[in-house]
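Asker:
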Amino acid sequence: MKSHWTKWLSQPGNIRTVAVEATELVKGLSKPQNLAAASQAGFGEAVVGALLIASAHKSSESINMNAQGSGLFRQAIIDASPEGRVRGFLREQKDSSLHTFGASGSNGPWGSGVLSVLYTKNFEGKYPYTGMVPISTGFLDEAINEYYRDSEQLVSKVGLFVELTPDGRQVIAARGALVQALGGATSDELEDIRGLSIQHLRHLGSTADNTAVFMQEMSALLKQRKFEVVENKELTAFCNCGQDRIERALTLTGEKDIKEALGNEPFMTIICDFCRKEFRVSAERIKSLFSRDPSRLQ
Ligand SMILES: [Zn+2]
Numbered sequence: 053m054k055s056h057w058t059k060w061l062s063q064p065g066n067i068r069t070v071a072v073e074a075t076e077l078v079k080g081l082s083k084p085q086n087l088a089a090a091s092q093a094g095f096g097e098a099v100v101g102a103l104l105i106a107s108a109h110k111s112s113e114s115i116n117m118n119a120q121g122s123g124l125f126r127q128a129i130i131d132a133s134p135e136g137r138v139r140g141f142l143r144e145q146k147d148s149s150l151h152t153f154g155a156s157g158s159n160g161p162w163g164s165g166v167l168s169v170l171y172t173k174n175f176e177g178k179y180p181y182t183g184m185v186p187i188s189t190g191f192l193d194e195a196i197n198e199y200y201r202d203s204e205q206l207v208s209k210v211g212l213f214v215e216l217t218p219d220g221r222q223v224i225a226a227r228g229a230l231v232q233a234l235g236g237a238t239s240d241e242l243e244d245i246r247g248l249s250i251q252h253l254r255h256l257g258s259t260a261d262n263t264a265v266f267m268q269e270m271s272a273l274l275k276q277r278k279f280e281v282v283e284n285k286e287l288t289a290f291c292n293c294g295q296d297r298i299e300r301a302l303t304l305t306g307e308k309d310i311k312e313a314l315g316n317e318p319f320m321t322i323i324c325d326f327c328r329k330e331f332r333v334s335a336e337r338i339k340s341l342f343s344r345d346p347s348r349l350q
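For the sequence shown, the working numbering gives the first residue as 53, with consecutive numbering after it.
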């Protein structure tokens, strides 16, 4: 099944819901990173979580989600856009002696850490808004819900659902759900959304691969309200890396460090963190990059 999201509005349109089905996309994005199965699951959560946040945003605003933990995963960085484009990578915590788990007693795989969300214009690094919350239970969806409680005006709930094959070797589902009150929501509608538990949202997310079942479950959770589909969009991987960007990043790193890293080699190989594409920059090119006024490279 192609990865996609489906957005619904309640009648009248005061509640938005989003179903994300991203199993194939997560498999594709995991492959070049050589992630262990448990890490693919953590990566899947981060991809689906970022897509859910991006799905409710204006078309000019892309989001960058950065989750740092002390559990199985050290860090995940995901860029996602309201057009359904996504890229990202996960760094595993390979040394298991460094694993520590949730501060408040529950043992989610992320341990304790920090989740931050930035809104950027077309991934271009200008930060009109940033929100930061602790990851305290070790569960990423709980941290995203805390982010919504702290940072956004709209009452919103998210649940993530990632499943591995019985032998634990492969991701077979990466899905999620968002339920969000819009501007005109009544106090009844707000109360019903606030009353949804994380288990409700995770269960709803687990049905995101099946539109009919999702709609039925959503209606059951929200007092039999009626919903209609307003968007169904395919989700795609992207990366905007390129020789120019790699060279610009080099100049920002600083001449001394780069020249030390290069040593006497004829070129430097740089691998994009997101898509793992390799770029080469020759010693000669490095020399010329630093001999110019860096502002010309902007
Ligand atoms: Zn790339």
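We put the beta carbon where it would ideally sit given N, CA and C, even for glycine.
None of these values were measured; they are calculated from a predicted model.
Within the same chain, show all residues whose beta-carbon is closer than 7 Å to that of Thr-259, passing over the 5 residues directly before and after it, in chain order.
Answerer: Stepping through the sequence shown from its first residue, residue 259 is reached at position 207. Residues of the same chain with a CB within less than 7 Å of the CB of Thr-259, apart from the 5 flanking positions on each side, are Val-265, Phe-266, Glu-269 in chain order.
Asker: Which class does Asp-296 belong to by DSSP, given the choice of helix, strand or coil?
Answerer: One-based indexing of the sequence shown puts residue 296 at position 244. The answer is helix: DSSP assigns Asp-296 an H, G or I state.
Asker: Go through its chain and collect everything with a Cβ distance to Leu-212's Cβ below 7 Å, but skip five positions before and after it.
Answerer: Within the sequence shown, the letter at position 160 stands for residue 212. Around Leu-212: Glu-97, Val-100, Gly-101, Leu-192, Asp-193, Gly-228, Arg-254, Gly-257.
Asker: Around the C-beta of Trp-57, are 16 or more other C-beta atoms found within 10 angstroms, so that it is buried, or is it exposed?
Answerer: Indexing the sequence shown from 1 puts residue 57 at position 5. Result: buried.
Asker: By how many angstroms is the C-alpha of Met-117 removed from the C-alpha of Val-185?
Answerer: Position 133 of the sequence shown, counted from the start, is the residue given in the question as residue 185. Position 65 of the sequence shown, counted from the start, is the residue given in the question as residue 117. Approximately 12 Å between the Cα atoms of the pair.
Asker: Leaving out five residues on either side along the sequence, give the residues of the same chain with a beta carbon under 7 Å from the beta carbon of Gln-350.
Answerer: Position 298 of the sequence shown holds residue 350. No answer about Gln-350 holds up, because its pLDDT of 49 lies below 50 and its placement is not dependable.
Asker: Given this structure, state the Cα-to-Cα distance separating Ile-250 from Arg-201, to the nearest angstrom.
Answerer: Along the sequence shown, one-based indexing puts residue 250 at 198. Along the sequence shown, one-based indexing puts residue 201 at 149. Approximately 13 Å between the Cα atoms of the pair.
Asker: With 16 other CB atoms within 10 Å as the buried threshold, where does Leu-167 fall?
Answerer: For the purposes of this step, residue 167 is taken as residue 115 along the sequence shown, with counting starting at 1. With 16 or more Cβ atoms within 10 Å of its Cβ, Leu-167 is classed as buried.
Asker: Can we count Phe-290 as close to ligand 1, meaning its CB is less than 6 Å from some heavy atom?
Answerer: To locate residue 290, count along the sequence shown from 1; it is residue 238. Outside the cutoff, so no.
Asker: Going by DSSP in three states, His-151 sits in which element: helix, strand or coil?
Answerer: To locate residue 151, count along the sequence shown from 1; it is residue 99. His-151: coil per DSSP, three-state reduction.
Asker: Unbroken alpha helix (DSSP H) runs of length 4 or more, entirely within the region 81-121: which are they?
Answerer: 89-107
Asker: Taking 7 Å as the cut-off, decide whether the C-beta atoms of Gly-94 and Leu-287 are in contact.
Answerer: Along the sequence shown, read from residue 1 onward, the residue named residue 94 stands at position 42. Along the sequence shown, read from residue 1 onward, the residue named residue 287 stands at position 235. The answer is no: Cβ separation not under 7 Å.
Asker: Tell me, please, which residues DSSP counts as bridged to Thr-172.
Answerer: Here residue 172 refers to the residue found at position 120 of the sequence shown. DSSP, once it has assigned bridges, lists Ser-114 as partnering Thr-172.
Asker: Buried or exposed, going by whether 16 or more other CB atoms sit within 10 Å of the CB of Thr-69?
Answerer: Within the sequence shown, residue 69 is the residue found at index 17, counting from 1. Thr-69 is buried by the Cβ-count criterion.
Asker: Can you tell me whether Lys-329 sits near ligand 1, meaning its C-beta is under 6 Å from at least one heavy atom of the ligand?
Answerer: Numbered from its first residue, the sequence shown carries residue 329 at position 277. Yes, the Cβ of Lys-329 comes within 6 Å of a heavy atom of ligand 1.
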